[in-house]
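Letter 8 of the sequence shown, counting from 1, is numbered 12 in our numbering, and no numbers are missing. Contents: one structure, followed by commentary.
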Amino acid sequence: MEIKIREPNLSDLDDILEMLRNLCIDQLGKDDFYKGSLEFNFHENCIKDSIINEKCGLFVSEYNEKVQGFIEVRIDGNNFKFEHNDYAYIVNLYVKPESRNNKGIYSSKLYKAAENWAVSKEKNFIIADAFAHNKKMFRIAKIFGFSKYKTLMVREI
């Protein structure tokens with residue numbers, strides 16, 4: 005069987021919501037500054053809106069007819085993350101743990117779908133950010149050819 009990358013349909017909602025929940029628990033659970041609950045109950049509308057929003061690209065990876073990961077990329081207005089309006093922003097990238105030891109095939113294919121989507125929207129840059137503890141994402145970003153641009157410094161007071 006081959007890994008397929010495709011746009012999600014409504015039957016994928018539960019899988020995507022579960023992966024989004026796992027991503028938040030994983031990342032915020034390791035964040036020294038996050039003091040909130042690790043109970044995340046996303047409403048299905050947050051994914052439905054991403055599926056129908058023309059300023060959002062959402063893609064899933066599928067193997068043996070089972071969703072194994074997803075990527076969400078958006079076109080947002082200019083902000084202080086990047087000093088240009090000409091970009092797409094990777095909001096989420098998640099691959100299920102059991103599918104991660106595949107030499108990055110899932111994440112690479114998902115990233116390529118997001119990049120192709122950004123090019124189709126005539127964007128010249130694609131950006132992403134990650135928590136400092138997320139070493140995997142930094143390795144992946146380096147493989148994909150990202151350059152370090154800014155560092156957010158935080159101090160609790």
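Where is the CB? At the ideal position from N, CA and C, for every residue including glycine. Since this is a predicted model, take the numbers as computed values, not measurements.
(request) Keeping to the same chain, check which residues put their C-beta closer than 6 angstroms to that of R159; ignore five residues upstream and five downstream. (result) Excluding positions up to five away in sequence, the list is empty.
(message) Suppose you measure from the CA of E43 to the CA of E87; what does that come to, to the nearest Å?
(response) Those two C-alpha atoms are separated by around 34 angstroms.
(request) Would you check if there are 3 or more beta carbon pairs closer than 8 angstroms linking the segment 17-28 to the segment 69-83? (result) Taking 8 angstroms as the limit for Cβ pairs, the verdict is that the segment 69-83 does touch the segment 17-28.
(request) If I'm right that I130 touches I94 with Cβ under 8 angstroms, what's the distance once you round it to whole angstroms? (result) By a beta-carbon distance limit of 8 angstroms, I130 contacts I94. Their separation comes to about 7 angstroms.
(request) Put E142 into one of helix, strand or coil per three-state DSSP. (result) Checking the sequence shown, residue 142 turns out to be Phe, not Glu. Residue state, collapsed to three classes: helix.
(message) DSSP three-state label for R78, please.
(response) In the structure shown, R78 sits in a strand (DSSP, three-state: E or B).
(request) Note the first and the last residue of the continuous alpha helix (DSSP H) segment covering R104. (result) It is not in any alpha helix (DSSP H) - R104 carries neither H nor E in the DSSP assignment.
(request) On a CA-only basis, which of K100, A136, N96 is nearest F37? Give me that one, please. (result) Among K100, A136, N96, the Cα nearest to that of F37 is on A136.
(request) Excluding the 5 residues preceding and the 5 following L97 in the sequence, name in chain order all residues of the same chain whose CB lies nearer than 6 angstroms to its CB. (result) Result list for L97: I75, in chain order.
(message) Going by DSSP, what residue range makes up the alpha helix (DSSP H) through V123?
(response) For V123, the enclosing alpha helix (DSSP H) has its first and last residue at 109-124.
(message) For A92, list the residues DSSP reports as bridge partners.
(response) Answer is I130.
(message) So, at 8 angstroms on beta carbons, what are the nonlocal neighbours of W121 in its own chain, with the 5 sequence-adjacent residues on each side left out?
(response) Within the same chain, W121 has close Cβ partners G61, F63, V77, A92.
(message) Quick test of your reading: I7 and I109, contact by CB under 8 angstroms. State the CB separation rounded to the nearest angstrom.
(response) By a beta-carbon distance limit of 8 angstroms, I7 contacts I109. Their separation comes to about 6 angstroms.
(message) Taking 8 angstroms as the limit between beta carbons, can you name the residues of its chain near A145, skipping five residues before and five after?
(response) So the qualifying residues of the chain are A132, A134.
(request) Following the continuous alpha helix (DSSP H) through K52, name the residue where it begins and the one where it ends. (result) DSSP places K52 inside the alpha helix (DSSP H), whose first and last residues are 48-56.
(message) Are the CB atoms of L17 and I51 within a distance shorter than 8 angstroms?
(response) Judged by their CB atoms, I51 and L17 are nearer to each other than the 8 angstroms cut-off.
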